[in-house]
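Per the numbering used here, the very first residue in the sequence shown carries number 239; after that it's consecutive.
All residues carry an ideal CB built from backbone N, CA and C; glycine is no exception.
Input: a single structure, listed below in structure tokens.
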Amino acid sequence: MERHQKTAVIIPAAGSGSRMGASVPKQFLSLAGEPLLVRTVRTFLLSPAIDLAVVVVPAAHREETRQILQRHLSPALSRRILFTVGGATRQDSVRSGLEALPAETDIVLVHDGARPLVSQDLILRCITGAREHGAAIAAVAVKDTLKRVDGRGCIRATVDRSGLWQAQTPQAARRELLLRAHQQAAEKGFVGTDEAALLEHAEIPVRVVEGEEQNIKITRPGDMALAAGLLQREHSMKIGHGFDAHRLVEDRDLVLGGVRIDFELGLLGHSDADVLTHALIDAILGAVGAGDIGRHFPDSDQRYRGISSIKLLQETVSLAAEHGLQLANGDITIICQRPRLAPFLAAMRDTLAAACRVAQDRINIKATTTESMGYTGRGEGIAAHAVVLLQAISPGQSP
Ligand code: MG
Numbered sequence: 239m240e241r242h243q244k245t246a247v248i249i250p251a252a253g254s255g256s257r258m259g260a261s262v263p264k265q266f267l268s269l270a271g272e273p274l275l276v277r278t279v280r281t282f283l284l285s286p287a288i289d290l291a292v293v294v295v296p297a298a299h300r301e302e303t304r305q306i307l308q309r310h311l312s313p314a315l316s317r318r319i320l321f322t323v324g325g326a327t328r329q330d331s332v333r334s335g336l337e338a339l340p341a342e343t344d345i346v347l348v349h350d351g352a353r354p355l356v357s358q359d360l361i362l363r364c365i366t367g368a369r370e371h372g373a374a375i376a377a378v379a380v381k382d383t384l385k386r387v388d389g390r391g392c393i394r395a396t397v398d399r400s401g402l403w404q405a406q407t408p409q410a411a412r413r414e415l416l417l418r419a420h421q422q423a424a425e426k427g428f429v430g431t432d433e434a435a436l437l438e439h440a441e442i443p444v445r446v447v448e449g450e451e452q453n454i455k456i457t458r459p460g461d462m463a464l465a466a467g468l469l470q471r472e473h474s475m476k477i478g479h480g481f482d483a484h485r486l487v488e489d490r491d492l493v494l495g496g497v498r499i500d501f502e503l504g505l506l507g508h509s510d511a512d513v514l515t516h517a518l519i520d521a522i523l524g525a526v527g528a529g530d531i532g533r534h535f536p537d538s539d540q541r542y543r544g545i546s547s548i549k550l551l552q553e554t555v556s557l558a559a560e561h562g563l564q565l566a567n568g569d570i571t572i573i574c575q576r577p578r579l580a581p582f583l584a585a586m587r588d589t590l591a592a593a594c595r596v597a598q599d600r601i602n603i604k605a606t607t608t609e610s611m612g613y614t615g616r617g618e619g620i621a622a623h624a625v626v627l628l629q630a631i632s633p634g635q636s637p
């Protein structure tokens, strides 16, 4: 979809970590093997509705933050991040983020760097809310009974909870509305704890959209363990299947599983036509829910002419890692009448395992003939099937 107007998210990430009892800023604390800010930023950049992320950090952490995000995110995602230096308060930081936005931005979301479990659905709900109503924030209705308690721990009153909601982020608005709200707050010296407070102060109507209980803000030490637990539950295992076939022709190298095999014929294709690796790539893409090989590496693209399919596999594994997934195991069957492949299977397995960054025993390769039946049996081509299981990248592991 062609969009001239852009949607951006501003992520203030200036938490000192003092309440966490940690010496590093909390956005750098490790959650499931990576700094929590990385997870937060990636979730937005993976949303098809988000064009740009503005990360607002204190001057002292700017370079470190840039390096950490670049190390963990692919170049394609990193390119869509803008870094700006934040002010003394959250409000100042969001304001400097707003000023850094390109003029064609129409919808702006603001999201706490320390809410790493925000979902794609919630991001879309907030954007839709802002498009329809001008401003919309994620919030959840209060469920527990509320008590007003005095300084001695004594209940003074039970507060009627009807109509009470807890504000979360993302908080989304049309850019001109949020700018107006910030300008008015600055003029009047008004300080709010979230964007909605500034919008309300400027008498701009704000809708709530249904937030999510698991969209917690990491504030106290126990929150990290809670977030890790929620994350584990969210990432169950994913299964994928891939199939590919290529024609055998003269004057082409035969490459299977990244291994060059001496044979009088080779496979025809735009890349090196490594049919086995293509089936594996398609299986991984299937498990991630990311379409197929043709969408990611189109044969109309000259960059992929003659390219080693192992390179494409490495990129696919990085894409899976960006979804928090790695290969648990893969099982591949090659259907090939000639040549005899048994002598090469171990080398193929080792090459594919290295490209997938897993131990060799995670990959199994079998070769079969079709007893001279069909196109593979007649030696017109070679086909391959692959099934994979992907699992969440375990805590402490780097994707
Ligand atoms: Mg292919």
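Burial state of residue i (16 or more Cβ within 10 Å)
| i | result |
| --- | --- |
| S474 | exposed |
| I393 | exposed |
| T245 | buried |
| E433 | buried |
| D461 | buried |
| V397 | exposed |
| G480 | buried |
| E488 | exposed |
| V387 | exposed |
| H516 | buried |
| T614 | buried |
| D512 | buried |
| K264 | buried |
| A423 | buried |
| R458 | exposed |
| S610 | exposed |
| G504 | buried |
| E342 | exposed |
| D520 | buried |
| Q575 | buried |
| D350 | buried |
| P273 | buried |
| Q540 | exposed |
| P581 | exposed |
| Q329 | buried |
| D510 | buried |
Contact set for residue i: own chain, Cβ-Cβ below 7 angstroms, skip 5 residues either direction
| i | result |
| --- | --- |
| F535 | Y542, L550 |
| G507 | H484 |
| K426 | none |
| A591 | A597, Q598, R600, I601 |
| V399 | It is Arg, not Val, that sits at residue 399 in the sequence shown. V380, T383, L384, listed in sequence order. |
| Q404 | A377, V378, V380 |
One or two residues paired with residue i in a DSSP bridge
| i | result |
| --- | --- |
| R386 | A395 |
| T343 | K244 |
| T322 | V294 |
| H439 | According to DSSP, H439 bridges with nothing at all. |
| A352 | Its beta-bridge partners do not exist; DSSP assigns none. |
| I601 | G568 |
| S268 | P273 |
| L563 | A630 |
| P250 | V294 |
| V447 | A376 |
| R412 | I345 |
Same chain, Cβ closer than 6 angstroms to residue i, neighbours up to 5 away in sequence not counted
| i | result |
| --- | --- |
| G496 | I548, T589 |
| G430 | L436 |
| A621 | A483, I573, T614 |
| Q596 | Strictly speaking, residue 596 in this sequence is Val, with Gln absent from that position. Answer for V596: L565, listed in chain order. |
| G367 | A374, R445, V447 |
| K604 | T571 |
Cut-off 8 angstroms between Cβ atoms - residues of its own chain near residue i, not counting five sequence neighbours on either side
| i | result |
| --- | --- |
| L464 | I454 |
| V276 | I306, L307, H310, L311 |
| A419 | A411, E433, L436, L437, H439, A440, I442 |
| V526 | K476, G478, L557, A558, H561, L563, L628 |
| N602 | N567, G568, D569, I570, R587 |
| V555 | I522, Q564, L565, A593, C594, R595 |
| G634 | For G634, the predicted structure reports a pLDDT of 42, less than 50, and the residue's modelled location is therefore unreliable. A value from the coordinates is still provided. The residues are S268, G271. |
Near the ligand PLP: residue i beta-carbon under 7 angstroms from a heavy atom
| i | result |
| --- | --- |
| D569 | This structure does not include the ligand PLP; its bound ligands are the ligand MG. |
Check your understanding: What are the start and end residues of each continuous alpha helix (DSSP H) run of 4 or more residues lying completely inside the stretch 607-635, in chain order?
Key -> For the alpha helix (DSSP H) assignment, the uninterrupted runs of no fewer than 4 residues enclosed by the stretch 607-635 are, from N- to C-terminal side, 612-615.
Practice item. Check whether the stretch 377-384 touches the stretch 298-305, counting contact only when three or more Cβ pairs, one atom from each stretch, lie closer than 8 angstroms. Key: Counting C-beta pairs closer than 8 angstroms gives fewer than three between the stretch 377-384 and the stretch 298-305, which falls short of the contact rule.
Point to revise | Contact the stretch 316-335 vs the stretch 287-297: 3+ CB pairs below 8 angstroms | key: The count of Cβ pairs closer than 8 angstroms, one atom from the stretch 316-335 and one from the stretch 287-297, reaches three, so the stretches are in contact.
Exercise for review: Enumerate, from N- to C-terminal direction, the unbroken beta strand (DSSP E) stretches of 3 or more residues contained entirely within the stretch 458-533.
Suggested key: Within the stretch 458-533, the complete beta strand (DSSP E) runs of at least 3 residues are 476-487, 492-494, 497-499.
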